[in-house]
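Notes for the one structure printed next.
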Amino acid sequence: MSQTVADFLLARLREWGVRQVFGFPGDGINGLLAAWGRAENDPQFVQSRHEEMSAFEAVGYAKFSGTFGVCAATSGPGAIHLLNGLYDAKLDHVPVVAIVGQTARSAMGGSYQQEVDLLSLFKDVCSDYVQMCTVPAQLPNLLDRAIRIAVDRSAPTCLIFPSDVLELEYTPPGHAFKEVPSSLGFTTPTITPDDAAIRQGADLLNAGEKVAMLVGQGARGCAEELTEIADLLGAGAAKALLGKDVLPDTLPWVTGSIGLLGTTASDELMKGCDTLLTVGSNFPYTQFYPALDQARAVQIDRSATWIGMRYPYELNLVGDAKATLRALIPLLQRKEDRSWRQEVEDDVSDWWQTAERRALTDADPINPIRIVHELSERLPANAMVSSDSGSAANWYARHLKMRGDVRGSLSGTLATMGPGVPYAIGAKWAHPDRPAIALVGDGAMQMNGLAEHITIAKYYRQWSDPRLIVAVLHNDDLNQVTWEMRAMEGAPKFAESQSLPDVDYAAFARSLGLQGINVDTADGVGPAWEAALSADRPTLLDIRCDPDVPPIPPHATFEQVKATVSSVLHGDEDSGGFIRQGIKQKVQQYLPGTKEDD
Ligand SMILES: Cc1ncc(C[n+]2csc(CCOP(=O)(O)OP(=O)(O)O)c2C)c(N)n1
Ligand SMILES: [Mg+2]
Numbered sequence: 001m002s003q004t005v006a007d008f009l010l011a012r013l014r015e016w017g018v019r020q021v022f023g024f025p026g027d028g029i030n031g032l033l034a035a036w037g038r039a040e041n042d043p044q045f046v047q048s049r050h051e052e053m054s055a056f057e058a059v060g061y062a063k064f065s066g067t068f069g070v071c072a073a074t075s076g077p078g079a080i081h082l083l084n085g086l087y088d089a090k091l092d093h094v095p096v097v098a099i100v101g102q103t104a105r106s107a108m109g110g111s112y113q114q115e116v117d118l119l120s121l122f123k124d125v126c127s128d129y130v131q132m133c134t135v136p137a138q139l140p141n142l143l144d145r146a147i148r149i150a151v152d153r154s155a156p157t158c159l160i161f162p163s164d165v166l167e168l169e170y171t172p173p174g175h176a177f178k179e180v181p182s183s184l185g186f187t188t189p190t191i192t193p194d195d196a197a198i199r200q201g202a203d204l205l206n207a208g209e210k211v212a213m214l215v216g217q218g219a220r221g222c223a224e225e226l227t228e229i230a231d232l233l234g235a236g237a238a239k240a241l242l243g244k245d246v247l248p249d250t251l252p253w254v255t256g257s258i259g260l261l262g263t264t265a266s267d268e269l270m271k272g273c274d275t276l277l278t279v280g281s282n283f284p285y286t287q288f289y290p291a292l293d294q295a296r297a298v299q300i301d302r303s304a305t306w307i308g309m310r311y312p313y314e315l316n317l318v319g320d321a322k323a324t325l326r327a328l329i330p331l332l333q334r335k336e337d338r339s340w341r342q343e344v345e346d347d348v349s350d351w352w353q354t355a356e357r358r359a360l361t362d363a364d365p366i367n368p369i370r371i372v373h374e375l376s377e378r379l380p381a382n383a384m385v386s387s388d389s390g391s392a393a394n395w396y397a398r399h400l401k402m403r404g405d406v407r408g409s410l411s412g413t414l415a416t417m418g419p420g421v422p423y424a425i426g427a428k429w430a431h432p433d434r435p436a437i438a439l440v441g442d443g444a445m446q447m448n449g450l451a452e453h454i455t456i457a458k459y460y461r462q463w464s465d466p467r468l469i470v471a472v473l474h475n476d477d478l479n480q481v482t483w484e485m486r487a488m489e490g491a492p493k494f495a496e497s498q499s500l501p502d503v504d505y506a507a508f509a510r511s512l513g514l515q516g517i518n519v520d521t522a523d524g525v526g527p528a529w530e531a532a533l534s535a536d537r538p539t540l541l542d543i544r545c546d547p548d549v550p551p552i553p554p555h556a557t558f559e560q561v562k563a564t565v566s567s568v569l570h571g572d573e574d575s576g577g578f579i580r581q582g583i584k585q586k587v588q589q590y591l592p593g594t595k596e597d598d
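Residues in the sequence shown are numbered from 1 upward in steps of one, following my numbering.
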């Protein structure tokens with residue numbers, strides 16, 4: 001039998017090294033599914049419960065593997081379901097290729113069933129590259145470019161296939177007018193700023209007395225260079241959310257996360273520095289940078305598209321982070337006065353003491369911070385950790401202590417609910433021999449996580465290390481929203497919107513043949529992590545935790561916050577009168593980013 005377009009598409013994906021495609025079927029891609037059968041499921045079709053999960057799994061795969069992810073869906077509704085996951089890829093700069101079906105060419109433009117204008121639908125999210133394949137000879141070039149552009153720009157791209165095109169006989173482009181032959185692969189250049197620019201950067205850093213570094217995901221793989229620079233300059237380093245795994249938190253000069261989800265030590269670092277070196281980060285919240293006239297600053301970023309924003313940088317160095325840092329190192333002078341470095345290290349040590357105190361403060365029934373604290377103490381050095389949006393993101397950012405080769409991620413920029421579990425699934429396909437751990441709110445579980453446990457149960461036996469652990473922060477509340485309402489609006493919890501129906505998450509996991517553990521005492525948290533980490537299968541930890549522990553901003557003490565919380569709770573019951581008298585101001589004291597005069 002001759003090769004169809006779909007057969008060729010799968011063969012080309014194999015040639016690009018693709019091992020899994022995260023997808024969900026439908027008749028827009030029937031021709032592709034038939035080809036998959038003929039190809040004996042190579043690359044493997046990984047079936048989710050919902051196309052958005054397929055997209056998140058592709059994003060998770062890409063984030064944790066360092067290569068690109070591929071997802072597939074049918075025309076119309078399937079394609080639409082992919083969108084949120086693809087936006088997550090776009091906003092966090094992750095390479096993902098989406099393959100979607102379309103109605104047959106003979107029906108296009110006829111307002112046919114499931115016909116949606118897919119070129120327009122994907123035009124924004126896949127703005128770097130979205131194309132429709134209408135004749136077979138287009139194909140190798142379309143696919144090769146979709147992959148190259150996704151990887152080169154760290155962005156999602158999309159290919160649309162009318163269903164009948166997938167079933168056509170494949171004919172390669174020839175040596176002819178208006179045919180576009182193509183080729184596989186590419187090498188990535190290492191861009192370094194020129195010598196004069198490096199010299200200027202070094203001069204600026206040498207002139208400073210109190211150097212702070214801000215590192216983001218663009219600095220991944222540069223721990224050695226950052227350490228050398230921190231030692232030479234007596235500097236400290238704060239980490240943006242997506243760069244949390246760039247430097248381990250075991251280093252005494254690493255201040256942890258920055259911003260609303262940040263630590264006291266990062267806050268002090270930014271407030272006290274006279275020089276800022278930003279590497280591979282576009283951390284958006286200006287108010288957490290040094291004051292505008294406080295520091296001289298230099299930024300390193302791989303792309304001029306993303307450089308120079310957020311702070312009035314004196315120098316914007318476009319270059320590969322590792323190569324640029326390496327070029328800087330020989331020009332940097334060791335700072336003999338180590339007092340700033342000592343200050344940074346003292347603040348770091350204070351922060352971790354504060355963190356522990358907060359985590360071990362009693363709450364009813366369990367303090368959610370404790371869940372992450374106990375995990376930090378037991379975290380395998382090769383773990384891959386994801387967090388969902390919601391209160392878990394606060395505890396992940398601030399309290400999870402990264403060390404060894406631990407990798408971590410979350411929806412940093414779109415901050416969408418729902419990727420915690422599918423990211424962990426994507427991570428397991430990237431590294432089946434490493435444990436994956438997801439921190440997920442009960443709202444996110446009800447939205448996506450419960451259904452995706454069916455996917456976990458379906459596939460876990462294929463992973464050489466079967467451990468995929470989901471810790472559910474069971475608070476019967478969309479708690480992050482409840483706290484945002486209190487802080488930003490001065491409004492009490494609106495139960496109709498935020499209270500969640502109670503579900504036995506662990507029982508659901510057990511019903512699927514997974515390990516499910518209900519945890520309702522603080523002393524049970526540590527042993528529950530241990531049971532999950534020593535299990536021969538995936539585990540869901542259903543942990544009852546206190547919705548009255550607020551996301552604490554850098555400088556509030558736990559005791560202050562506890563006092564505030566009880567006032568706020570009283571206000572909730574008081575249906576608003578008490579709120580107007582002062583809760584707003586009180587909460588604002590503890591949650592920065594709100595205006596005094598709101
Ligand atoms: C798709 C989506 N819908 C809504 C939101 C707004 N939102 C952010 S956090 C959150 C609540 C999360 O609740 P849950 O998962 O239970 O976590 P908790 O904060 O209670 O720990 C909501 C609704 C969002 N970020 N994404
Ligand atoms: Mg919740």
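All residues carry an ideal CB built from backbone N, CA and C; glycine is no exception.
The structure displayed is predicted, hence computed values, not measured ones.
Q: Let me know if residue 576 comes out buried or exposed under the rule of 16 or more other beta-carbons within 10 Å of its beta-carbon.
A: Caution is warranted here: a pLDDT of 38 is assigned to residue 576, below 50, making its placement in the model unreliable, and no coordinate value can be reported.
Q. Given residue 601, which residues of its chain have a CB within under 6 angstroms of its CB, disregarding the five upstream and five downstream residues?
A. Past the edges of the chain, shown from 1 to 598, lies residue 601, and the structure says nothing about it.
**Q.** Alpha carbon of residue 226 to alpha carbon of residue 325, nearest angstrom
**A.** 8 angstroms
**Q.** Exposed unless 16 or more other CB atoms sit within 10 angstroms - verdict on residue 12
**A.** buried
Q) So what does DSSP say about residue 426, is it helix, strand or coil? A) helix
Q: Specify the secondary structure class of residue 59 as computed by DSSP and reduced to three states.
A: helix
(Q) Which residue wins for smallest C-alpha separation from residue 247, given the options 259, 229 and 261? (A) 229
Q) Can you round the beta-carbon distance between residue 89 and residue 82 to whole angstroms, since I take them to be within the 8 angstroms contact cut? A) Their Cβ separation, rounded to whole angstroms, is 10 angstroms, which puts residue 89 and residue 82 out of contact at 8 angstroms.
Q: Find out if the Cβ-Cβ distance for the pair residue 276, residue 236 is shorter than 8 angstroms.
A: no
Q) Which word fits residue 374, buried or exposed, when buried means at least 16 other C-beta atoms lie within 10 angstroms of its C-beta? A) buried
Q: Report buried or exposed for residue 175, applying the criterion of at least 16 other Cβ atoms within 10 angstroms of its Cβ.
A: exposed
**Q.** Contact belief for residue 272 with residue 210 at Cβ below 8 angstroms, rounded distance in angstroms
**A.** 6 angstroms
Q | Cβ shell of residue 86 (< 7 angstroms), same chain only, five flanking positions each side left out | A | 55, 96, 98, 125, 126 and 156
Q) What span of residues does the alpha helix (DSSP H) with residue 399 cover, start to end? A) 391-399
**Q.** Under the three-state DSSP convention, the category residue 302 falls into
**A.** coil
(Q) Taking 7 angstroms as the cut-off, is the C-beta of residue 546 nearer than that to any heavy atom in ligand 2? (A) no
Q) Just to confirm, are residue 233 and residue 251 a CB contact at a threshold of 8 angstroms? A) no
Q.
Applying the 10 Å Cβ sphere with the 16-neighbour rule, what's the burial state of residue 586?
A. Because the pLDDT of residue 586 is 44, which lies under 50, any placement of that residue in the model is unreliable, and the number read from its coordinates should be weighed accordingly. Looking at its Cβ environment, which holds 16 or more other Cβ atoms inside 10 Å, residue 586 is buried.
**Q.** contact_flag[the region 286-301, the region 366-384] where n(CB pairs < 8 angstroms) is 3 or more
**A.** no
Q. Secondary structure at residue 329, three-state DSSP: helix, strand or coil?
A. helix
Q | Which of helix, strand or coil DSSP assigns to residue 190 | A | coil
(Q) Taking 7 angstroms as the cut-off, is the beta-carbon of residue 481 closer than that to any non-hydrogen atom of ligand 1? (A) yes
**Q.** Sequence ranges, beta strand (DSSP E) only - wholly within the region 482-562, length at least 3
**A.** 515-519 and 539-544
Q. Which residue's Cα is closest to the Cα of residue 103: 122, 92, 94 and 134?
A. 134
**Q.** Continuous beta strand (DSSP E) stretch holding residue 131: start and end
**A.** 130-132
Q: Alpha carbon to alpha carbon, how far is residue 108 from residue 182? Give it in angstroms, no decimals.
A: 28 angstroms
Q: Kindly confirm or deny that the region 40-56 and the region 418-426 touch, where touching means at least three C-beta pairs closer than 8 angstroms.
A: yes
Q) From residue 537 to residue 457, what does the alpha carbon distance come to, in whole angstroms? A) 9 angstroms
Q) Should residue 573 be labelled buried (16 or more other beta-carbon atoms within 10 Å of its own) or exposed? A) With a pLDDT of only 45 at residue 573, under the threshold of 50, the placement of this residue in the model should not be trusted; the figure read from the coordinates follows. Under this definition residue 573 is an exposed residue.
**Q.** ligand 1 heavy atom lying under 7 angstroms from the CB of residue 85
**A.** no
Q: Could you tell me if the beta carbon of residue 233 falls within a distance shorter than 7 angstroms of some heavy atom in ligand 2?
A: no
Q: State yes or no: is the C-beta of residue 120 nearer than 7 angstroms to some heavy atom of ligand 4?
A: This structure does not include ligand 4; its bound ligands are ligand 1 and ligand 2.
Q. Is it the case that the Cβ atoms of residue 118 and residue 79 are separated by a distance below 8 angstroms?
A. yes
Q: Measuring alpha carbon to alpha carbon, tell me which of 548, 369 and 241 ends up nearest residue 612.
A: Nothing in the structure corresponds to residue 612, since the chain is present only between 1 and 598.
Q. Within the present structure, is the beta-carbon of residue 280 separated from the nearest heavy atom of ligand 2 by less than 7 angstroms?
A. no
Q. With 16 as the cutoff for other CB atoms within 10 Å, does residue 480 come out buried or exposed?
A. buried
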